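Colleague: Numbering (the working numbering), first residue to last: 221 to 730.
The beta carbon of each residue, even a glycine, is placed where N, CA and C say it ideally should be.
If you're wondering where the values come from, they're calculated on a predicted model, not measured in any experiment.
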Ligand code: GDG
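#1: Report the option in 304, 611, 240, 242 whose CA atom is closest to the CA atom of residue 250.
#2: Give the C-beta separation of residue 351 and residue 380 to the nearest angstrom, bearing in mind that I take them to be a contact with Cβ-Cβ under 8 Å.
#3: Over the uninterrupted beta strand (DSSP E) stretch that includes residue 623, give me the two end residues.
#4: In whole angstroms, give me the CA-to-CA distance for residue 481 and residue 545.
#5: Strictly by DSSP, which residues pair up with residue 309?
#6: Is residue 288 buried or exposed, if buried means 16 or more other CB atoms sit within 10 Å of its CB?
#7: What number of angstroms, rounded off, separates the C-alpha of residue 526 from the C-alpha of residue 634?
#8: Could you give the C-beta distance for residue 394 and residue 450, rounded to a whole number, given that I count them as a contact under 8 Å?
#9: Taking the alpha helix (DSSP H) that residue 689 belongs to, which residues open and close that run?
#10: Give the secondary structure of residue 458 by DSSP, where H, G and I count as helix, E and B as strand, and everything else as coil.
#11: Could you please give the first and the last residue of the uninterrupted alpha helix (DSSP H) stretch that includes residue 326?
#12: Determine which residues share a DSSP beta bridge with residue 387 and list them.
#13: Cα separation between residue 348 and residue 309?
#14: Quick test of the definition: if touching needs 3 or more C-beta pairs under 8 Å, does the stretch 430-448 touch the stretch 385-401?
#15: Below 7 Å, is the gap between the Cβ of residue 605 and the nearest heavy atom of ligand 1?
#16: Taking residue 401 as the reference, which of 414, 390, 389, 268 has the closest Cα?
#17: For residue 714, which residues from the same chain have a beta carbon less than 6 Å from its beta carbon, with the 5 sequence-adjacent residues on both sides left out?
#18: Between which two residues does the beta strand (DSSP E) carrying residue 671 extend?
#19: Would you say the stretch 648-659 touches the stretch 520-537, given that touching needs at least three Cβ pairs under 8 Å?
#20: For residue 342, I'd like the list of residues in its chain whose CB is within less than 6 Å of its CB, leaving aside the five on either flank, ordered along the chain.
#21: Report buried or exposed for residue 612, applying the criterion of at least 16 other Cβ atoms within 10 angstroms of its Cβ.
#22: Do residue 473 and residue 615 count as a contact pair if the criterion is CB distance below 8 Å?
#23: Please return the same chain residues whose Cβ sits closer than 8 Å to the Cβ of residue 698, not counting the five positions on each side in sequence.
#24: Between which residues of its own chain and residue 329 is the CB-CB distance below 7 Å, once the five residues before and five after are set aside?
#25: Using 7 Å as the cut-off, classify the Cβ of residue 264 as near or not near the heavy atoms of ligand 1, replying yes or no.
#26: When we look at the beta-carbon of residue 722 and count the other beta-carbons within 10 Å, is it buried (16 or more) or exposed?
#27: What would DSSP say about residue 542, mapped onto helix, strand or coil?
#28: Look at the alpha carbon of residue 682 and the alpha carbon of residue 533, and state the distance between them as a whole number of angstroms.
#29: Can you grab the Cα-Cα spacing for the pair residue 574 / residue 597, in whole Å?
#30: What does the alpha-carbon distance come out to for the pair residue 498 and residue 667?
#31: Helix, strand or coil: how does DSSP classify residue 247 here?
#32: So what's residue 424 in DSSP terms, helix, strand or just coil?
#33: Taking contact to mean at least 3 C-beta pairs separated by less than 8 Å, is the stretch 559-568 in contact with the stretch 446-461?
#34: By Cβ distance, which residues of its chain are closer than 7 Å to residue 637, with the 5 residues on each side in sequence left out?
#35: Anyone know if the C-beta pair for residue 377 and residue 489 falls short of 8 Å?
#36: Who are the Cβ neighbours of residue 517 in its own chain at under 6 Å, not counting the five residues just before and after it?
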């Protein structure tokens, strides 16, 4: 059974007749280029398809830094979609993007107060850049546009647009976790962040826990009241708060994995393994992903499992570098590399490197084929909004001989992929035991678990996710049946977890 069941799908055509354009705002915008642009990911494909259907505008940062203080808007139209992006000045980039977004919001939302840089200057830069973006967007908006803002970079966008007089439907989706109030309250300008979120009509989170955490923040701060259904009242506005677990292009990814047997990287990997089993991890190099703990868990598994050592099982950890300009990331790059060296020195042999650690990005096809080859997928973040790698690993498996997913309970995906082996990633021995269980799991059990997870992903793919959000934003939310959620009060995360578990976890076994 599936948690998020779509009972009736309004056709996209219905929506197009009654509504204006769709406007998407996101930090990065996949502007199509004449040649050489990388294939878009699942999210870009789904949003691109929705924009193409409804006609629309995609607005955000170009990904480039420029010398000017007031860089011009760069516009391009492809098919039914207008793209509009702007560069950032060095100062804006440092304060808004690296500073507040990636060095304050990201760590706090991933429960890492110890890593947060709470500089006032960066907070001011964040609101200043959001205001600039809102003013630029305002010049392009029409009164019947529906506006969908993405992620932590642009939380204040709606509040600035409201100040400019816009009353359009405004939706927000947070791709990362939202922590409970005792942690969230550490965000600089916390009250302004809560107030900014209250300026939307629909605030979407990855899981019911994140949604409950946000509601709990409003209640604890004494600024909000929980109403019936998903409705909330705060700062003089009524709006909706709900969970929309993001997903992947399940069918397309499964197909890519089937075809990837012939991929050159996949072939080379297979040859180099000489029949030894593979365990795989794929993550951006980020402290939230728990890479060091995962390597320790794998090492413990190898040390404790006679079968593992005998069969010379190999872990392939693919970890493209990210955000190297932020000091915590640069430091982590060194630490993980040293740690892998240490583990290989201790456990390896002249003809066996237990952990293969790669810092470059693979093609999507190679990745799909490598997932399919791996007997165990290790997705053990310390905290993750969703984690699409978990879903991709499942979609890539062969139905006849699927591998086993070992999944952190702190990944949003654990809400849907209950048939994975769910672990506490901080507990090295528990995770090592789960790797062992996965490694030795009989075919019948592997198939049962995989089928249960795959049926969830077939129902909730990225198109369904996109459709659900847009239907809710346009007020057609009665079409969607969402699983029971806990009573809303200021719950601790553990209380919320326990109280949602029966409703969310009984059906199938991220
Ligand atoms: C944020 C939230 C949420 C990775 N290495 C390569 C590669 N990847 C692709 C994976 C996957 C994507 O990057 C990573 O997505 P995740 O969801 O795992 O994590 P974040 O980047 O942190 O994303 C997260 C997500 O937003 C969506 O809402 O799930 O919780 O943190 O698709 O396949 N792709 C290719 N080569 C690589 O080497 N081609």
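Modeller: Taking the geometry as given:
#1: 304
#2: 5 Å
#3: Residue 623 -> no beta strand (DSSP E), and no H or E assigned at all.
#4: 37 Å
#5: According to DSSP, residue 309 bridges with 286.
#6: exposed
#7: 30 Å
#8: Going by Cβ atoms, the distance from residue 394 to residue 450 rounds to 15 Å, so no, they are not a contact pair.
#9: 682-693
#10: In this structure, residue 458 counts as strand in the three-state DSSP scheme.
#11: 326-329
#12: Looking at the DSSP assignment, residue 387 forms no beta bridge with any residue, so it has no partner.
#13: Going by the C-alpha atoms only, they are around 12 Å apart.
#14: yes
#15: yes
#16: 414
#17: A caution first: residue 714 carries a pLDDT of 40, below 50, which makes its placement in the model too unreliable to give a value.
#18: No beta strand (DSSP E) contains residue 671, which is instead part of the alpha helix (DSSP H) from 663-679.
#19: yes
#20: Excluding residues within five positions, the ones whose Cβ falls inside 6 Å are 315, 319, 320.
#21: Classification for residue 612: buried.
#22: yes
#23: The predicted model places residue 698 with a pLDDT of 37, which falls under 50 and marks its position as unreliable, so this point remains unresolved.
#24: If we look at residue 329 and ignore the five residues flanking it on each side, its Cβ neighbours are 372, 396, 397, 398, 399.
#25: no
#26: Residue confidence is low: residue 722 scores 28 on pLDDT, short of 50, so the model does not pin down where it sits. Its coordinate-derived value is still stated next. Residue 722 should be labelled exposed.
#27: coil
#28: 34 Å
#29: One C-alpha to the other measures close to 15 Å.
#30: Using only the alpha carbons, I get a separation of about 18 Å.
#31: strand
#32: strand
#33: no
#34: 610, 614, 625, 627, 673, 676, 730
#35: no
#36: 648, 651, 652
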